[in-house]
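Note sheet for the following structure.
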Amino acid sequence: MAGLAAALALSATACSSTGAQAEPESQPTETKNATEAAPQPAVGLPDTPAGLQAQWVLTLINSDTAVATDGFADKFADVILSELSAEQLAEVLEQVRSQGPWTPITVNATDAQGVFTMESTPGDLMELQLSVDEAGLINGIFFGPGTPARTPAASWEEVETNMAALPDGSAMAVYRIADGSADGAADGTSILDIDADTAKPVGSIFKLYVLVAVSDAVAAGTLSWDAKLTVTDDLRSLPSGDLQDAPAGTAVTVRDAAQKMISISDNTATDLLMDAVGRPAVEQALSDAGHSDPDRNTPFLNTRELFQLGWGVEDSVRGQWAEADDDGRRELLQTLPGGVLDIPDAAVTTPVWQQDLDWFATAEDLMRAHLALQDRAATDAGAPLRDILGANNGLNLEIGGDWTYIGFKGGSAPGVMAGSWYLERSDGERFVVVQQGASSSPAEVADPMTFFGPAQDAIALLAAEGRD
1 MAGLAAALAL
11 SATACSSTGA
21 QAEPESQPTE
31 TKNATEAAPQ
41 PAVGLPDTPA
51 GLQAQWVLTL
61 INSDTAVATD
71 GFADKFADVI
81 LSELSAEQLA
91 EVLEQVRSQG
101 PWTPITVNAT
111 DAQGVFTMES
121 TPGDLMELQL
131 SVDEAGLING
141 IFFGPGTPAR
151 TPAASWEEVE
161 TNMAALPDGS
171 AMAVYRIADG
181 SADGAADGTS
191 ILDIDADTAK
201 PVGSIFKLYV
211 LVAVSDAVAA
221 GTLSWDAKLT
231 VTDDLRSLPS
241 GDLQDAPAGT
251 AVTVRDAAQK
261 MISISDNTAT
271 DLLMDAVGRP
281 AVEQALSDAG
291 HSDPDRNTPF
301 LNTRELFQLG
311 WGVEDSVRGQ
321 WAEADDDGRR
331 ELLQTLPGGV
341 LDIPDAAVTT
351 PVWQQDLDWF
361 ATAEDLMRAH
371 LALQDRAATD
381 AGAPLRDILG
391 ANNGLNLEIG
401 GDWTYIGFKG
411 GSAPGVMAGS
421 WYLERSDGER
431 FVVVQQGASS
441 SPAEVADPMT
451 FFGPAQDAIA
461 LLAAEGRD
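Residue numbers for the sequence shown, in the numbering used here: 1 to 468.
Written out as structure tokens, the structure is:
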């Protein structure tokens, strides 16, 4: 589910919900939950940039000799080595090695990132999350507890049962989209509805509305996919993504920024695009894409503003935001400073969605957003949209068998986890699957591998239906 972790991310923290992190944990997580289960068979690692680097890490942690720093400069990107020395990295890897040897048993990966589950003794699982930059250097690495194998749901009733085991406030909806429908459930059928009409924080799924605004600007002739956007310190946000590490003056096309915004949830790319189209255009996109309560999200925050208000100001300022009306909130945004953000990773751990510091939507809102984008994708101006939305389907699902196309956007922040999938089945049927969760306890919704089990099962049930 590496793609899911990458496309979910909003937060710059070192919690595993945001995927392979820009800063490794200083201590590997103990994963001793031994059972009497038999060892699981080994799987091969992919011959991709992320897979090759994972193989290098696996070789180190399975070595008979202590981990040395030889070659680290050729393996780790500066974003890693600027935070931890080669000696500190070697110490972390050595602690992992001491618990091995490790056998890879599951892999969920794209070219640039992956989640690799390893087993030492039966039942002792570890998860390696790893990502690489455009040069193939490791720019994110995280060791955490592995997720035990789960039994997939065999029916919609079992999906509902599994959802009931998740934290209070979790929601899920599955929609069958009628042919030619532009407004989803109004012309389709709700297959599953668990609190689907309650607005919940969605984290980075809000970027779907930014993409609507960008596509509409291209259609209006005020922007082009090839137009250049420039990274500045005033527009530089925090991870996830990679543009936050780009030097000031770096230029990126609108199309490339949109690709990064969706596929790796690049926050700086998002803010560049929002700056290009303007906040009013994104607020208009809420209405144009069928959101049921656009005023809930106005003024529409960019990611930088969320980091500043959520974790870069005093509690009293957050209280002002929560109590202010639209005009008061816009005035508050004007007081936020420009320049490089000085918000430590450790600060971005407390949920702030309860103070209206997030973006909010119902499951049906998100379904409509996906369909609005698919409608635009059928136009000349929106031609790149399907590739952008389909570059990372979140669950590493195979395209070409049961599914001919999958568009995905997920979102996460402290206490927030959400995922949304638009799917086209080989028989022509279309579906949207949405799963959302919000908690005052970040740990309750911190692991996408566990949380999105019901969504995986729902998609598997839909695939099986198409084969019947």
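Where a beta carbon is used, it is the ideal one built from N, C-alpha and C, also for glycine. Since this is a predicted model, take the numbers as computed values, not measurements.
Residue i in three-state terms, based on DSSP
| i | result |
| --- | --- |
| W102 | coil |
| P46 | coil |
| A324 | coil |
| V96 | helix |
| P414 | coil |
| I177 | strand |
| T270 | helix |
| T250 | coil |
| E465 | helix |
| N139 | strand |
| P294 | helix |
| G278 | coil |
| C15 | Residue placement at C15 cannot be trusted, given a pLDDT of 30 that sits under 50; what the coordinates show is reported in the next sentence. C15: coil per DSSP, three-state reduction. |
| F452 | coil |
| K75 | coil |
| L192 | strand |
| L395 | coil |
| L130 | strand |
| T230 | strand |
| P145 | strand |
| A460 | helix |
| W225 | coil |
| A171 | strand |
| A165 | coil |
| E331 | helix |
| A438 | strand |
| A346 | helix |
| S240 | coil |
| V218 | helix |
Whole-Å CB distance - residue i paired with residue j, under 8 Å assumed
| i | j | result |
| --- | --- | --- |
| A322 | Q284 | The Cβ separation is near 25 Å, so there is no contact. |
| F143 | V67 | 13 Å between Cβ atoms; not a contact. |
| R150 | G428 | Wrong, their Cβ atoms sit about 31 Å apart, outside the cutoff. |
| V210 | L273 | 6 Å |
| E119 | I105 | 5 Å |
| G203 | G394 | No, G203 and G394 are not in contact; Cβ-Cβ is about 13 Å, not under 8 Å. |
| L423 | L461 | Between L461 and L423 the Cβ distance is about 12 Å, and since that is not below 8 Å, they are no contact. |
| A478 | I177 | With the chain covering only 1 through 468, there is no way to say anything about residue 478. |
| L130 | I141 | 5 Å |
| T110 | N392 | 6 Å |
| V340 | P167 | V340 to P167, Cβ: 36 Å. No contact. |
| T222 | A251 | Actually they are not in contact, since the Cβ atoms of T222 and A251 sit about 19 Å apart, beyond 8 Å. |
| A77 | L137 | 4 Å |
| I264 | S240 | 6 Å |
| N139 | G100 | Incorrect: roughly 24 Å between the Cβ atoms, too far for contact. |
| S292 | E364 | 7 Å |
| E305 | L336 | 6 Å |
Beta-bridge pairing of residue i - partner residues as DSSP gives them
| i | result |
| --- | --- |
| N108 | V115 |
| W421 | F408 and V433 |
| K200 | A361 |
| L125 | E119 |
| W403 | I399 and R425 |
Proximity below 8 Å, CB of residue i to CB of residue j
| i | j | result |
| --- | --- | --- |
| W403 | R386 | no |
| S287 | P280 | no |
| H225 | T268 | The sequence given here places Trp at residue 225; His does not occur at that position. No. Outside cutoff. |
| V416 | H370 | no |
| D275 | S237 | no |
| A372 | A289 | yes |
| L484 | A54 | The displayed coordinates of the chain run from 1 to 468. Any statement about residue 484 would go beyond what the structure contains. |
| P299 | R318 | no |
| D74 | D242 | no |
| F360 | R296 | yes |
| F307 | V348 | yes |
| M367 | T147 | no |
| T69 | A86 | yes |
| I406 | G382 | no |
| A324 | L333 | no |
| L208 | K409 | yes |
| W102 | L58 | yes |
| D457 | P152 | yes |
| A413 | D358 | yes |
is_contact[residue i, chain C] using C-beta, thresh 8 Å
| i | result |
| --- | --- |
| M449 | No chain C appears in the structure shown, which is made up of a single protein chain. |
- Should the stretch 189 to 199 be regarded as contacting the stretch 209 to 225, the criterion being three or more beta carbon pairs within less than 8 Å? no
- Query: Does the stretch 196 to 208 touch the stretch 166 to 182, meaning 3 or more C-beta pairs lie closer than 8 Å?
  - Reply: yes
- Query: Does the stretch 392 to 410 come close enough to the stretch 156 to 167 that 3 or more CB-CB pairs lie under 8 Å?
  - Reply: no
- Message: Within 8 Å, do at least three Cβ pairs link the stretch 433 to 441 to the stretch 231 to 250?
- Response: no
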